[in-house]
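Beneath this line is the structure, given in structure tokens, with notes to follow.
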Amino acid sequence: MSETETYLEIRNAKKSFGALDVLHDISLSVKKGEIVALIGPSGSGKSTLLRAINDLEPLTSGEVWLEGVHVNKPLSANAYESHINKVRQDIGMVFQHFNLFPHLKVRENVTLAPRRLRGISSAEADTLAREELEKVGMLERIDYYPSQLSGGQKQRVAIARALAMKPKVMLFDEATSALDPELVEEVNLVMKKLAQEHMTMLVVTHEMGFAESVCDRVIFMDQGYVVEEGPPEQVFRNPTSDRTRTFLRKSSEH
Amino acid sequence: MRPDFSVLLNFWDTLALGAFWTIALTGVASVISVVFGILFAVVALYAPAPIRWPVRAFEWVFMGTPLLLQLFLIYFGLITIGIDLPAFVAGALGLGLYFAVYNSDIIQAGIRAVDPGQTEAARALGLSRWQTIRDVTVPQAVRSVVPPIGNNTIALLKDSALVSVIGVAELTLAAQQAIGRSFRPLEFYVAAAVIYYAINLALEAVLRRIERRISLAR
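One line per chain: the protein sequences are D and V, in this order.
Each step along the first sequence adds one to the number in the working numbering, with nothing skipped, and position 160 is 160.
Each step along the second sequence adds one to the number in the working numbering, with nothing skipped, and position 159 is 1159.
Rendered as structure tokens:
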């Protein structure tokens, strides 16, 4: 593996649930600062692939590497627990349903992991919470509870929470799918800003507009296979596969 | 003999002391019942079998036998094996553990009801299994089960009367002592009942405050 070029790599990822194969031998590599969109119909395996990167969804076989570190390294249960907890600190994740901690204020949502895992002081935690919330435009809501926020605001806080661990890569699992249409743009803006700051990002999305305008590369998946992959202008303007064309036509009808 | 409640005045200090011990007993026992309730629930759901099964056996014993018997066992029985607990400690422990078993069931249900996405989000940040349980799952479960645990605490207050049998001079025993000296059972039992009810009202007010504070935080 050429360490200088490839930052995140998935090698021969396979995943089955019983007799059902949801990922068939998928390999892909992402460069540092690259923004990759994973698109495809529901059930195509794109979310499963994304969730395999931080091992929320363990692969049946295959390897995940991040900056020379074997993420899903075979280890004894105890050794693996401490290994994966360390690796996950470098992989930020944003969920479709935000998954903010409802019993904690916005500030505490952002600083829980840094406090527990990096042992930062209260003063440092305060500074960190302010910095990260400033980035997503949520500083004024620092002392609110998640229940007091709109969906778009919740997702921006969830992004700040992930950023507070200073991850090497950010994974977005349909971050705007659960939002009312008028709230999508505020989250997209935050993601665009991250892209401009050269955050390495993998984005599972149903929004072709976002994939086309923000991402460096688009990967189209269907039934557990990578069907097509390339720069957005190629995948969207000149798809080589019939399945891609059918999918793009259907999704533009909505 | 006609009822004469003026006799209460001669023994007000006995009753007051009894009320004090009832409140102290209920306070200590309810803390034990919640702390151990959380502990038992976490063990039942997450601990490996060699730890889980002894704890479960212990829970069955506490759930399947009368509280009165348990109090006798803890206070009189343990002396045989060299554990001589003061009556108050034995009473608070027996009462607390008995209700801890019931609270554990409620908290287990509360933990199971926490959205699995909460655990995913915590683990994705790099928090360990244990940190996730402590900082994310259990605090949410405990919040959602405050009303039923509050009901158990009210039951605990009433059952604290049983601790009189091992000689803790709580309200019921205090009333009996006053009766022994005054030969006025009606007056003192009624007085004790009124005091229990008053403590209960105060306890409910405290529980309502806790519920309100916690629901704000959601």
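The beta carbon of each residue, even a glycine, is placed where N, CA and C say it ideally should be.
Checking 8 Å against the spacing of the C-beta atoms, do residue i and residue j come in under that value?
| i | j | result |
| --- | --- | --- |
| D:Gly-209 | D:Glu-186 | no |
| V:Ala-1019 | V:Ile-1195 | yes |
| D:Gln-234 | D:Ala-175 | no |
| D:Ile-91 | D:Asn-54 | yes |
| V:Glu-1059 | V:Ser-1104 | yes |
| D:Leu-49 | D:Ala-13 | yes |
| V:Ile-1149 | V:Leu-1093 | no |
| D:Ile-142 | D:Val-94 | no |
| D:Met-201 | D:Met-165 | no |
Using the beta-carbon of each residue, which ones in chain V are nearer than 8 Å to residue i?
| i | result |
| --- | --- |
| D:Arg-156 | Result: empty, since nearest Cβ-Cβ is about 15 Å, beyond 8 Å. |
| D:Arg-237 | Residues of chain V passing the Cβ test: none, with the nearest at roughly 35 Å. |
| D:Glu-81 | Ser-1128 and Arg-1129 |
| D:Arg-116 | Leu-1127, Gln-1131 and Asp-1135 |
State the start and end residues of the unbroken alpha helix (DSSP H) segment that holds residue i.
| i | result |
| --- | --- |
| D:His-198 | Neither: D:His-198 is in no alpha helix (DSSP H) and is coded neither H nor E. |
| V:Arg-1056 | 1049-1064 |
| D:Ile-53 | 46-53 |
| V:Val-1142 | 1138-1144 |
| D:Ala-13 | Run containing D:Ala-13: none in the alpha helix (DSSP H); it sits in the beta strand (DSSP E), 6-17. |
| D:Phe-247 | 242-253 |
Which chain D residues sit within Cβ distance under 7 Å of residue i?
| i | result |
| --- | --- |
| V:Gly-1227 | Absent from the model: residue 1227 of chain V. The displayed extent of chain V is 1001 to 1218, so no value can be given. |
| V:Glu-1211 | Chain D residues near V:Glu-1211: none, gap ~14 Å exceeds 7 Å. |
| V:Ala-1124 | Asn-54, Leu-56, Arg-88 and Met-93 |
| V:Ala-1121 | Phe-95 and Asn-99 |
Rounded to a whole number of angstroms, what is the C-alpha to C-alpha distance between residue i and residue j?
| i | j | result |
| --- | --- | --- |
| V:Ala-1175 | V:Met-1063 | 29 Å |
| D:Ser-121 | D:Glu-132 | 16 Å |
| D:Thr-127 | D:Lys-193 | 21 Å |
| D:Phe-236 | D:Val-30 | 20 Å |
| D:Ala-113 | D:Gly-119 | 9 Å |
| V:Arg-1212 | D:Glu-207 | 41 Å |
| D:Trp-65 | D:Lys-135 | 29 Å |
| V:Asn-1010 | V:Ala-1178 | 9 Å |
| D:Asn-99 | V:Val-1136 | 11 Å |
| D:Leu-104 | V:Val-1035 | 21 Å |
| V:Ser-1144 | D:Tyr-144 | 20 Å |
| V:Ile-1023 | V:Ile-1051 | 34 Å |
| D:Arg-156 | D:Pro-146 | 11 Å |
| D:Pro-167 | D:Val-226 | 26 Å |
| D:Ala-178 | V:Gly-1117 | 14 Å |
| V:Pro-1066 | V:Phe-1005 | 35 Å |
What are the start and end residues of the beta strand (DSSP E) that includes residue i?
| i | result |
| --- | --- |
| D:Gly-230 | 225-230 |
| V:Val-1089 | Careful: V:Val-1089 lies outside any beta strand (DSSP E), inside the alpha helix (DSSP H) at 1087-1112. |
Residues of chain V with a CB under 7 Å from the CB of residue i: which are they?
| i | result |
| --- | --- |
| D:Pro-165 | Strictly speaking, residue 165 of chain D in this sequence is Met, with Pro absent from that position. Those within 7 Å of D:Met-165 in chain V are Leu-1125 and Gly-1126. |
How would you list, in chain order, the residues of chain D whose beta-carbon sits under 9 Å from the beta-carbon of residue i?
| i | result |
| --- | --- |
| V:Val-1136 | Phe-101, His-103, Leu-104 and Leu-112 |
Report the neighbours of residue i on chain D: residues whose CB is nearer than 8 Å to its CB, in chain order.
| i | result |
| --- | --- |
| V:Pro-1139 | His-103 |
| V:Arg-1143 | His-103 |
3 or more residues per run - each beta strand (DSSP E) lying fully within the stretch 1011-1038 of chain V: none
Sequence ranges, alpha helix (DSSP H) only - wholly within the stretch 19-85 of chain D, length at least 4: Runs of the alpha helix (DSSP H) inside the stretch 19-85 of chain D: 46-53.
If we require 4 or more residues per run, which alpha helix (DSSP H) segments fall completely within the stretch 1113-1199 of chain V? Runs of the alpha helix (DSSP H) lying entirely within the stretch 1113-1199 of chain V, each at least 4 residues long, are 1116-1124, 1129-1132, 1138-1144, 1146-1159 and 1171-1182 in chain order.
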